[in-house]
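Residue numbers (our numbering): 48 to 425.
First up is the structure itself, then whatever we jot down about it.
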Amino acid sequence: MGNEKPKLRVGLIGTGFMGKTHSFGFAAAERVFDLPFELELHTVADRTEELARAAARGLGFKNATGDWRRLVSEPDIDLVDITAPNAFHHEMALAAIAAGKHVYCEKPLAPRAAEAAEMANAAVSAGVSTQVGFNYLCNPMMALARELIASGELGEIRSYRGIHAEDYMGDADGPFTFRLDPVGGGALADLGSHALATAEFLIGPIERVLGDEVTVINSRPDAKGGRTAVEVDDIGRAFLRFANGATGSIEASWVATGRKMQHDFEIYGSKGALTFSQERFNELHFYVAADAGRVRGFRRIEAGPDHPPYGLFCVAPGHQLGFNDLKAIEIALFLEAIAGQRSEPFGFKSGQRVQELVEAVHTSAVETRWVSTLKHVA
Ligand code: NAD
């Protein structure tokens, strides 16, 4: 009896795309990892009682509510997981923190950097643990890339090129959704947040940015049968200067016809290079300049048990992890942080930092000048 794990009861707000992915993540994490807690999927909240009840049945939660405030004030819930649209993140997270809950929130952390800062500070004051959904950073091949860079195997980093391109907003007659909210919407906030998080995860702090943003589709059909003007970017780009002297760029686009998940990077150093594509995210391509000329070339490294925690999912290399597995890894890391076994891997301070970078790119694009970002580093 003495070996029983403490219970951690989860409340999930929002049961759409990410709500489902997080639910898969919780289920897989319990089976794959030796977690510090026994999880209980306690309650889901959505816009209506009906939606929540259907989701609770499908996703394996015990209770359902059409009022997220009831979920947040439920004394038995330890962890509030927010997968609702961006505009709600700030209010929901602050309420959960005030109620003493640990908070797991999808990116972008908040529509405005000041709100993200308020959330991060509130969590620190309350002594609760937090996490933002930067799942792509949980890929074992991303950890390998970071390790190769940090150990000097690429030499001096000369150039970084990152992109996150998809085409789900490519249809000019696609509906006006929360992703187009004039405050905090746009491709740069939605997808560029991932690209900027990856750039800093791999190369280190970004010192300044020079941004450019483009709106390609100027209006979209709205729920009232008309069209609403689009004020946010469909494509956002930035040149980057890193504090370590490396230079680079990122691009975010949701109108990249044909692209479904191009979260890619290329890194060129004095001794070697790395290339990666999320479309084939179980592979990392590594070039070593010192290799003998007749065999020199990019080698394709396939994910396997040598790349933890891959081996916990599958004993055989090359059999591949999937998108939902990255959420399971993200959840396991967060639970270890809650248990005090490690620091927060992507806490609200990281979410705040990414939001500040997004805002710096916006400012730069509007004012057509380089904008410093180093003063914000957490
Ligand atoms: P979605 O539209 O599929 O789901 C949103 C859910 O929130 C729906 O179930 C909706 O009914 C619910 N909701 C809306 N208002 C609510 C309210 N007032 N109370 C409770 N529930 C409410 O959206 P999504 O694609 O799942 O995106 C949700 C969040 O996840 C966004 O912040 C988005 O940026 C993020 N996201 C992250 C990733 C990633 O890879 N990390 C991928 C997609 C989306």
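Idealized CB from N, CA, C, for every residue including glycine.
Note that the structure is a prediction, hence the values are computed from the model and not measured.
Per DSSP, reduced to three states, the secondary structure at SER411 is helical. About 19 Å separates the CB atoms of PHE393 and VAL79; that is not less than 8 Å, and the two are not in contact.
The residue among GLY61, PRO83 and ASP128 with its C-alpha nearest the C-alpha of ALA101 is GLY61. For GLU313, the closest alpha carbon among the candidates ASP338, LYS396 and SER324 is that of SER324.
In this structure, VAL179 is the residue among PRO352, VAL179, SER300 and ARG327 with its C-alpha nearest to the C-alpha of ALA244. Look at the beta carbons and you see the stretch 405-417 touching the stretch 258-271: at least three pairs across the two are nearer than 8 Å. Between the stretch 89-97 and the stretch 143-162 there are fewer than three inter-stretch CB-CB distances shorter than 8 Å, so the stretches are not counted as touching. Taken through DSSP and simplified to helix, strand or coil, LEU55 comes out as strand. Per DSSP, the continuous alpha helix (DSSP H) segment holding SER70 begins and ends at 64-79. Between PRO83 and GLU383, the gap from beta carbon to beta carbon is short of 8 Å. For SER120, the secondary structure class from DSSP, reduced to helix, strand or coil, is coil. For THR245, no beta strand (DSSP E) encloses it; the enclosing alpha helix (DSSP H) starts and ends at 240-250. Burial is judged here by how many other beta carbons sit within 10 angstroms of a residue's own beta carbon; PRO187 has at least 16 and is buried.
By the criterion of at least three beta-carbon pairs nearer than 8 Å, the stretch 230-245 is in contact with the stretch 272-286. Of the candidates ALA140, GLU165, ALA145 and GLY147, ALA140 places its Cα closest to the Cα of GLU153.
Measuring C-alpha to C-alpha distances from PHE181 to each of ASN50, ASN110, ALA219 and LEU373 identifies LEU373 as the nearest.
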